[in-house]
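Residue numbers (my numbering): 2 to 327.
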């Protein structure tokens with residue numbers, strides 16, 4: 002269903018372009034309202050929740066909220082530049098669907114360079130306004146309460162749908178998976194050999210992480226990065242396997258657990274529920290209660306050197322007590 006919605010939205014871009022139905026706004030803004038509604042108009046300071054697909058007019062899709070299954074909530078800000086996306090949103094009402102094109106160069110902050118590899122003249126947004134909560138004369142407390150209640154409803158729906166989406170992903174991809182007590186699903190696609198890593202070892206890993214909808218967020222494999230059209234990552238510019246200590250803090254729980262199920266040379270697909278990933282908070286483009294899929298290869302296992310010098314214990318300085326003045 003979500004893919005169908007995305008297809009229809011992208012088709013709307015093509016139809017709008019062919020029919021020349023765009024109207025002009027300030028700062029080179031172009032917009033066409035695909036479906037008009039009589040809902041609440043958007044004003045500065047209002048709370049809105051939108052679904053959108055973002056792309057350039059010369060590139061493929063850059064991002065889509067439909068992949069996460071719920072709208073993005075935000076407070077409507079004053080436009081920073083003439084013709085930016087906020088200026089476009091101010092033209093819409095609750096229930097509206099629209100295509101908005103913002104001129105990439107004219108909406109950038111003065112002195113800011115265009116991101117490397119970004120082509121085309123316009124940034125294109127296919128938008129559906131799901132909810133508007135007007136600020137109006139409401140006190141901040143009442144307004145915030147209404148916003149929080151709506152966001153909580155989105156969170157509750159995402160939490161409820163997560164296990165359903167995981168099972169659908171497994172079924173759709175015809176995966177034969179096993180599940181650990183923590184809730185991690187995994188399938189080993191290539192068998193390795195030898196012992197498995199244990200806490201204290203260092204895992205050397207190749208990986209690609211994506212959403213259940215197939216969007217690749219990150220990888221240290223060059224072929225996967227090119228295929229997914231990911232921007233150059235300075236942390237992975239050499240596309241070398243990453244190293245991380247097993248059992249140490251900082252690594253995603255499900256990734257740490259999943260790697261310990263593998264022998265050297267093994268490849269596997271790990272399906273992490275949000276409780277083993279970024280949880281109810283999310284992280285960057287990963288929304289709350291979002292399951293992740295890791296394709297991993299355990300390239301090597303580095304065992305700790307038993308002959309390495311042990312760190313000397315740190316002896317805290319003795320503080321001399323001063324006589325109590327009477």
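Backbone N, C-alpha and C fix where the C-beta goes; we use that ideal spot for every residue, glycine too. Here the structure is a predicted model, which is why all the values come from computation and not from measurement.
(message) If contact is defined by three or more beta carbon pairs under 8 Å, each pair taking one atom from either stretch, is the segment 181 to 193 in contact with the segment 261 to 281?
(response) Three or more pairs of CB atoms, one per stretch, sit closer than 8 Å, so the segment 261 to 281 contacts the segment 181 to 193.
(message) Based on DSSP bridge pairs, tell me the residues matched to residue 75.
(response) 49.
(message) Does residue 103 pass the burial test, meaning 16 or more other C-beta atoms within 10 Å, or should it be called exposed?
(response) By the 10 Å Cβ count, residue 103 comes out buried.
(message) Quick check on the burial criterion: 16 or more other C-beta atoms within 10 angstroms. Buried or exposed for residue 45?
(response) Residue 45 is exposed by the Cβ-count criterion.
(message) At the level of alpha carbons, what is the spacing between residue 150 and residue 223?
(response) One alpha carbon belongs to residue 150, the other to residue 223, and they sit about 43 Å apart.
(message) Mapping the DSSP letters down to three states, classify residue 189 as helix, strand or coil.
(response) Residue state, collapsed to three classes: strand.
(request) Scan the segment 217 to 272 and note each continuous beta strand (DSSP E) run of 3 residues or more that stays entirely inside, going in chain order. (result) Listed in chain order, the complete beta strand (DSSP E) runs (minimum 3 residues) inside the segment 217 to 272 are 217 to 220 and 243 to 246.
(request) Give the range of the alpha helix (DSSP H) segment to which residue 88 is assigned. (result) Per DSSP, residue 88 belongs to the alpha helix (DSSP H) from 86 to 90.
(message) Between 182, 141, 256 and 134, which has its C-alpha nearest residue 51's C-alpha?
(response) Comparing Cα positions, the closest option is 134.
(message) Within the continuous beta strand (DSSP E) that includes residue 104, where are the two ends?
(response) In this chain, the beta strand (DSSP E) harbouring residue 104 covers 98 to 104.
(message) Let me check one thing: in DSSP terms, what residues is residue 94 bridge-paired to?
(response) Per DSSP, the beta bridge partners of residue 94 are 42.
(request) Following the continuous alpha helix (DSSP H) through residue 170, name the residue where it begins and the one where it ends. (result) Membership of residue 170 in the alpha helix (DSSP H) is indicated by the continuous run 141 to 173.
(message) Quick check on DSSP: helix, strand or coil for residue 307?
(response) Here residue 307 sits in coil by DSSP.
(request) Look at the alpha carbon of residue 264 and the alpha carbon of residue 67, and state the distance between them as a whole number of angstroms. (result) Rounded to the nearest angstrom, the two C-alpha atoms are 36 Å apart.
(message) residue 143 and residue 54 - do their beta-carbons sit closer together than 8 Å?
(response) 8 Å or more divides the Cβ of residue 54 from the Cβ of residue 143.
(request) Would you mind sorting residue 164 into buried or exposed? The rule is 16 or more other CB atoms within 10 Å of its CB. (result) An exposed status is given to residue 164, since fewer than 16 other beta-carbon atoms sit within 10 Å of its beta-carbon.
(request) Select from 289, 305 and 22 the residue whose C-alpha is nearest the C-alpha of residue 156. (result) Taking residue 156 as reference, the option from 289, 305 and 22 with the minimal CA-CA separation is 289.
(message) In the DSSP output, which residue or residues are listed as bridge partners for residue 55?
(response) Answer is 64 and 126.
(message) Quick check on DSSP: helix, strand or coil for residue 114?
(response) For residue 114, the secondary structure class from DSSP, reduced to helix, strand or coil, is coil.
(request) Go through its chain and collect everything with a Cβ distance to residue 205's Cβ below 6 Å, but skip five positions before and after it. (result) Once the five neighbours on either side are set aside, the close Cβ partners of residue 205 are 242, 244, 300 and 301.
(message) Please report the distance separating the alpha-carbon of residue 56 from that of residue 32.
(response) Cα to Cα, residue 56 sits roughly 15 Å from residue 32.
(request) Check each candidate in 262, 59 and 285 and name the one with the smallest Cα separation from residue 180. (result) Among 262, 59 and 285, the Cα nearest to that of residue 180 is on 262.
(request) State the Cα-Cα distance for the pair residue 256 and residue 203, rounded to the nearest angstrom. (result) Cα to Cα, the separation comes out at about 13 Å.
(message) Here's the rule: buried if 16 or more other CB atoms are within 10 angstroms of the residue's CB, otherwise exposed. What is residue 281?
(response) Exposed, since its Cβ has fewer than 16 Cβ neighbours within 10 Å.
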